[in-house]
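Letter by letter, the sequence shown follows residues 1 to 344 of full-length UniProt numbering.
All C-beta atoms, glycine included, are put in the ideal place defined by N, C-alpha and C.
Here the structure comes first, spelled out in structure tokens, and everything after it is commentary.
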Amino acid sequence: MKDVLIIGGGPAGLAAALHARRAGLDVTVLEPRGAPIDKACGEGLMPGGVAALHRLGVRPPGMPFRGIRYLDGRDRAGRRACATADFPDGSGLGLRRLALHGALHQAVVDAGAELGAARVHDVQQDGEYVQAAGVRARYLIAADGLHSPVRRALGLERAARGRRRWGIRAHHAIAPWSEYVEVYWGEHGEAYVTPVAPDCVGVAFLGSGREPFAERLAAFPALRERLAGAVAGPVLAAGPLHQRVSRPVAGRVLLIGDAAGYVDALTGEGLSLGFRCAEAAVEAIARDAPEQYVAEHRRITRRYRLLTVALVRATVPAPSRRAIVPLATRAPWLFRAAVAQLAR
1 MKDVLIIGGG
11 PAGLAAALHA
21 RRAGLDVTVL
31 EPRGAPIDKA
41 CGEGLMPGGV
51 AALHRLGVRP
61 PGMPFRGIRY
71 LDGRDRAGRR
81 ACATADFPDG
91 SGLGLRRLAL
101 HGALHQAVVD
111 AGAELGAARV
121 HDVQQDGEYV
131 QAAGVRARYL
141 IAADGLHSPV
151 RRALGLERAA
161 RGRRRWGIRA
171 HHAIAPWSEY
181 VEVYWGEHGE
191 AYVTPVAPDC
201 VGVAFLGSGR
211 EPFAERLAAF
221 PALRERLAGA
231 VAGPVLAAGP
241 LHQRVSRPVA
251 GRVLLIGDAA
261 GYVDALTGEG
271 LSLGFRCAEA
281 AVEAIARDAP
291 EQYVAEHRRI
301 TRRYRLLTVA
311 LVRATVPAPS
321 RRAIVPLATR
331 APWLFRAAVA
341 QLAR
């Protein structure tokens, strides 16, 4: 019998596998897709997430960025208002999702964890063990993503409330023009530009609509002008983003990453939170105290939930959205304080 069975081989699941191996636990990771795995995401890792990766000995290639820049997406190049804030300590890292996943996957292989290919939709457990896909373990960590089948099978899913949002992303073959992740605020959504390589930027859109990538880009004149002539890569989409859970633990099953609930990608903290929750879940398992993770998960995600929910709700009305960049420009101390929170 295994010590830990991890369902889902994305970044959070692989980080959990590395922490488990460091704790001397026997681990199996089940993931139906072959490595490396791509995903529609902004590809910006906050300083806290970079530090978490380095503690695991994982250093994927990427482009450091100094902080966050907000711009008015309605304006054309040369006339746009903007607000800029540096991280107080350390740098973020823009990197292709494929590079991140490949580095984590290799680290897990080197650590001696067992990797298997299976899609899990059902879990059985009692007071001593949990079983899925023919593998029996003392504990199971579900890291199977935004629409987690394990979460659904255990009855932990709750109906999401409020506006549903989706994300869509593509890469453009152009040299990064900024040392910052740029966030363009538009009438109905945001555009995120992240430097991910010396000759490439990732462009992601968030919003309540599900329009094609080209139609989203047309709503941001300054960004469209900047990217004119740059070859765009394949488009990936994800959503709806808001996912709610009743609790992150059910018996011997612990949920981490997007499987444990998700508010929105607006603040760019998903990966950092996933790494921290992976470590906390393994610590609870090592102590044979899974309920300990409930309080830890609440503590780790509390600021993210409060900040993100407040920001998403506050920017639903069009006047509020139009006020975001002017407010950040007039109150730079407030913008710097918010970015400092994101850097953790």
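Under the three-state reduction of DSSP output, Val201 falls in the strand class. At a Cβ-Cβ threshold of 9 Å, Val249 and Val123 do not count as neighbours. Counting only runs of at least 3 residues, the region 27-96 fully encloses the following beta strand (DSSP E) elements, listed from N- to C-terminal order: 27-30, 63-65, 67-72, 82-86, 92-94. In terms of CA proximity to Ser178, Met63 leads the group Met63, Ile7, Arg164, Ser148.
One thing to note: Val58 has its Cβ within 9 Å of the Cβ of Ala107. For Met46, the closest C-alpha among the options Gly94, Leu5, Gly10 is that of Gly94.
In the displayed model, Arg165 falls within coil according to three-state DSSP, outside both helix and strand. Between the alpha carbons of Trp166 and Phe213 lies a distance of about 12 Å. Our two residues, Arg33 and Ala323, have alpha carbons roughly 43 Å apart in a direct line. For Ile141, the enclosing beta strand (DSSP E) covers residues 135-142. Here Pro60 is buried: its Cβ has 16 or more other Cβ atoms, across all protein chains shown, within 10 Å.
By the neighbour-count definition (other C-beta atoms within 10 Å, threshold 16), Trp185 is a buried residue.
According to DSSP, Gln243 shares a beta bridge with Tyr262.
Assignment of Leu206 by DSSP, reduced to helix, strand and coil, places it in the strand class. The beta carbon of Arg336 sits closer than 7 Å to those of Ala85, all from its chain and outside the five residues before and after it, given in chain order. Around the beta carbon of Glu291, a 10 Å sphere encloses fewer than 16 other beta carbons of the protein chains shown; the residue is thus reported as exposed.
Arg158 and Ser246 do touch by the CB rule: their CB atoms are close to 6 Å apart, below 8 Å. Non-local C-beta neighbours of Leu217 in its own chain, meaning closer than 8 Å and more than five positions away in sequence, comprise Ala191, Val203, Phe205, Leu223, Arg224, Leu227, ordered along the chain. Annotation: Pro221 to Ala20 spans about 47 Å, alpha carbon to alpha carbon. Between Ala133 and Gly155, the C-beta spacing is not below 9 Å. Counting only residues of its own chain and dropping the five nearest sequence neighbours on each side, Glu128 has a CB closer than 8 Å to the CB of Arg138. Judged by DSSP in its simplified three-state form, Thr329 adopts helix. Classified as buried, Gly270 has 16 or more neighbouring CB atoms from the shown chains inside 10 Å of its CB.
Here Asp122 carries a coil assignment [DSSP, helix/strand/coil].
Taking 9 Å as the cut-off, the Cβ atoms of Glu187 and Arg69 do not count as close. Inter-segment contact for the region 284-303 and the region 30-44 is absent: fewer than three beta-carbon pairs are separated by less than 8 Å.
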